[in-house]
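Counted the way UniProt numbering counts, the sequence shown spans residues 1 to 1033.
Ideal placement from N, C-alpha and C gives every residue a C-beta, glycine not left out.
For clarity, every value in this text was computed on a predicted model and none was experimentally measured.
In what follows, a single structure is set out as structure tokens and then discussed.
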Amino acid sequence: MKISILHLSDLHFKKDNNKIIEKETLLFDAFKNEISQYEHLFITITGDIAYSGLKEEYALVKSFLNRLENRIFAYNKKIKIEYIFCAGNHDCDFSIPQKARNMLIENIIKAPLETDDELVEVCTSVQKQYFDFIKEFSSYKNINETLSNKLISRYEYSLSEYNIAFNSFNTAWVSKLPEKQSEIIYPLNYIKSDEIIDANFSLTFSLLHHPFHWLKHSNMRDFKEYVDSLSDIILTGHEHSDSATQRENIYNGNKTEHIEGGTLQDSYDEGQSKFNLILLDLANKKHDILIFDWQGDHYSKTKNESIDVHTNNKCLFPLKQNYKEKIASLGLKVNHPRKDNVILEDLFVFPDLKIIDIQKNKKNSFLEISSEQLSKQTNLGLNILYGSDNSGKTTLAHMLQFIYKQKGLVPIIINGKDFRSGDYEENKIALLIKRIFKLQYLDDKKNVDLFEQTDVNEILLIIDDFQNVRLNSAFKGVAIDSILKLNYKNVLILSSEILKFEATSESNLAMSLQDFTHYQILEFGHRLRDKLITKWIRLGQETEIENSELVGKRRTKANAINQTIGLNIVPSHPVYLLTLLQAMEVNDTSLDKSSYGHYYHYMILQYLNSDKNKVMEHKDINTIFTYTSTLAFNMFQDRNYSYTLGELNGFDNDYRKDIDFEPTFNILEKLIKSNVLIEYENEYKFSHKYIYYYFVGHYFSQNTDDYEITSIIKKMTERLYRTEFANILMFILHLSPKTNIIEMLNNEARKIFSDIAEFSFANEELVNINACIKEDTSHRLSQRTFDESRDIELSEKDEEAELKRQIYLDDQFDVNYDEEIQQLDFFKKINLAFKLIEILGEIVKNYSGSLKGNIKSELIKNTYGVGLRSLKTIILLFEEEHDNLVDAITKVITKKKMIAEDKINEAVYGIVFGLASSISTDIVKRISKSIASKDLKKTYKRISEEQPENIAYQLIKLAIDLDFASGLNVKNIEQLHKKLSLEKNTLTDSSLKKLVLDHLYMFESPISEKTSICKKLGIEVGESKNKLIQHHR
């Protein structure tokens, strides 16, 4: 069975001067051959049929449609034509007095649930001519009057074995003049929403004039969710633009197609005319969308072929409303600047998983996948997921329950605490499953009977918090065996990491889980953090925010979050990321903390104020912070980072005696109950590293007048090669930028490679490297979208982060600030230099508005200096060991026969040059990114101008500019390029080109601008090809 849908919208017929009449023959010619073999045509009109809702206008429309119908019948005599209409705001006759109606509309907007027949009758009185008009068509008899009223017309058709429904929603019933966005209300309680959604039809269309974002925000989500769940295809109009998108609701798995109709007749631009034709193959569930656009003398056609039609499943068992609301919630209170009630669908991002190879011989050992893949399987099978606390296990369970319910399964979430002590035998497990079903689904006798008759293959058991099952390890295994003996084939277990070792070793539990696929829930990397940040920014302004604004805000927030979570400092799970996003929205006027200090402070307050019934007073917060910072400092001094409960009580007694103070509440109890301190192996420690570092830093920052404390800080600055000391110093500076500490760090920066001059990128420093080549042809601007470039950038960052994690050394238990200062080798010195670049840069950026100018200048120059001296030592190696390096690479290539013999020299010199160029560019970027701040552009310019012949300073200044969207100064870049080309300073010119390319990939700009700057710099535009650098020697 094949049907065609002619989608017209916004006809805007006036009493006269309707230019579409002059085009009607060409309109018919445009689509006539497309429908020549079809037996059914539905002409759907999504509103604004008339211009002013007048009887005379509708008469002209009727004549226009009759002429069109006659042409169609003359060309295809076997075709049957039906009309489906929808009202728009122009179908309202506003010449009728509106005072009383407008007053009623104001009340409806305030109280939509109070909508009744009388209100509807008054509000739709302006649409009288529209309702009279649709009665003139034979399709009116196909309206199901039982399910229809003035706010919805339900058209139903039976075509052979297919039933097709069209729901025409009257969103214009409360339209006013002028029409304002977000002031439309659609009261779902006034229509028979449940009966309509329960109707069993092969294909359901919904028509509405106004796209969803024209509705009042508080009403939009419920209406959109309802229409999406009801419909397979949604047709809209009103905005005079055309588009076709398929949207998947991750909340329930529905896929709904949204097709916007362009305006058929624009009242203000007679050159504008668009319409759509949809050709459906119901048997194969495929369709084509043809978009026709007026080109002055004909309609041009754009065709999108073989698109899948996703008919949404109707679930047999409805969830209880209160349970549905529970699992639809986010699970934590989120304060969002643009939305009061944030729900799961708004911000959910599927976490990544790592497969754990328990058989030690699987090829996919440690393979990473997205947990979204679990949601796309027809049958889930047997799986167990391990995750740390707050890793999002329960949220993922809720999302999978929604999705698999939509797939037609019956998913049931059983919490570990739902198991009773005897729930391990088969009969007890069966009773447990039935008991939980009745808690989550409507539990009338019919539903329960049908559930008990449901094939177990159609039931998905999700066992959350499996570690909380009140059974020992052996009997947990027995419970799993019983589930499998009951023939359940779809089982998902979620557990804390406590059970991971036992469940993957040689225990009885492990034997019971041997047929399960084991996964570890991973922290969010750069790519997933970007997705979450994007959702946060878009929320509440989906239709208003421009992409350029979104890109800028996303990059700013991502940089701040990446810096805050650091490496193993803050867990990168959604709950912590959302807390940080909230912290960024809170204005903090404190001048004694950096922005990062504020973020950590905010996160800690979320713990302390976790009891919403008793929010801590400010004086109590100060008391807790002083107490906890003293505890953290004691741990630091003792190098003992966990205390027994007895040791904690001893500290508590000593502290209260020392300060002669009796608080009105038990501080220690508060810290434990709020999870600032957690129990681990019968001892208590800080729950997260950032909390420990914050309070140690807080103690130091509050006691810098103490000579002993200052001495310890000095000793730590002299030992920054220790990760622990570098972390603590960073937190001290987040909380207080003391000038004496800054000077200590400046002194340490001056010491690194103090016997080496700064690298200036001058030709005389690059004799051998620049002599390698005569022309660098390795640079290409690949033709890829901004999103593709962003994905590549984020993937590279994830790879870099994974490498850092693998080589990360936690030296917390090894450090001693009184240890002898180590004599560092070359690579450790480079690593220390990079740490200082990061620390000095953060001081500059975070206190740009409060530090004195001379201190900022000194910090910036020292950041330049330590980076450029480090680079100089590397370049000296390339220059002095050039021949040896060439020989070594030649031997490797020759031995492995990687390249043809006559191409070896060319390849070797290309490799040497490429390495030197990449390292040089990376260090310049490291320096620029560490200190880049929009507030300090004048400072960077002044420092650069103080040494006008120093190419390195110019390059760093350009790199800082290029770190911002508006930083592409074509004139300055072109001038420097010409100078470098003239001097044949190829390596420096190569670094310049790389910096420009990074900017072009990082920020959106017209392709013409990109092509122009590339042409000026000699960068090719096109697909990237690995072309070798041309050999000069």
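- Per DSSP, reduced to three states, the secondary structure at N276 is strand.
- Assigned with DSSP and collapsed to three states, F350 falls in coil, not helix or strand.
- Within a 10 Å sphere around the beta-carbon of G262 sit 16 or more other beta-carbons, which makes this residue buried.
- Taking a 10 Å sphere around the C-beta of V410, we find 16 or more other C-beta atoms and assign the residue as buried.
- Per the C-alpha coordinates, the member of F661, S642, L11 positioned closest to Y684 is S642.
- Here the region 979-989 makes contact with the region 754-774; the two share three or more CB pairs at distances below 8 Å.
- Looking at S388, A510, I436, the one whose alpha-carbon comes closest to that of E497 is S388.
- The C-alpha of D798 is placed about 6 Å away from the C-alpha of G525.
- Of all alpha-carbon atoms in I403, N383, Q401, I1007, the one lying nearest the alpha-carbon of L484 is that of N383.
- Judged by beta-carbon spacing, I462 lies beyond the 8 Å limit of R780, meaning their Cβ atoms are not closer than that value.
- In the DSSP assignment, the residues bridged to E1020 are R780.
- E945 is classed as exposed because its beta carbon has fewer than 16 other beta carbons within 10 Å across all chains shown.
- Contact between S928 and A900 does not hold, since their C-beta atoms are separated by about 40 Å, which reaches or exceeds 8 Å.
- In the DSSP assignment, A87 falls outside any beta strand (DSSP E) and carries neither an H nor an E.
- In the three-state scheme derived from DSSP, where H, G and I count as helix and E and B as strand, I459 is classed as strand.
- Taking C-beta atoms as the reference points, I569 and Y690 count as a pair closer than 8 Å.
- 8 Å or more divides the Cβ of I565 from the Cβ of T623.
- A buried status is given to S778, since no fewer than 16 other beta-carbon atoms sit within 10 Å of its beta-carbon.
- In this model, L432 and N468 are separated by some 15 Å (Cα to Cα).
- Taking one beta carbon from each stretch, the region 338-357 and the region 523-543 have 3 or more pairs nearer than 8 Å; the two touch.
- The beta carbon of I358 sits closer than 6 Å to the beta carbons of T504, H518 from its chain, once the five residues preceding and following it are set aside; these are given in chain order.
- In this structure, Y817 is the residue among F625, L803, Y817 with its C-alpha nearest to the C-alpha of D638.
- With contacts defined as CB atoms closer than 8 Å, L353 and Q514 fail to qualify as a contacting pair.
- D755 and V586 have their alpha carbons spaced roughly 47 Å apart.
- Straight through space, the alpha carbons of Y599 and H698 are spaced by roughly 14 Å.
- Counting only the Cα atoms, A965 lies some 46 Å from A50.
- In terms of CA proximity to L936, K957 leads the group S918, I951, K957.
- From the listed residues F64, D228, T171, F636, the smallest Cα separation to D814 is found for F636.
- In the structure shown, V586 adopts coil according to DSSP, grouped into three states.
- Rounded to whole angstroms, F94 and V126 show a C-alpha spacing of 7 Å.
- Annotated as proximal: S168 and F85, with beta-carbon spacing under 8 Å.
- Listed in chain order, the alpha helix (DSSP H) elements of length 4 or more contained wholly in the region 345-433 are 372-375, 393-406.
- In the three-state DSSP reduction, V767 falls in the helix class (H, G or I).
- In this structure, I436 lies near D418, with their beta-carbon atoms less than 8 Å apart.
- The beta carbons of A560 and D464 sit no closer together than 8 Å.
- Annotation note: the region 511-553 contains the following uninterrupted beta strand (DSSP E) runs of length 3 or greater, listed N- to C-terminal: 517-521.
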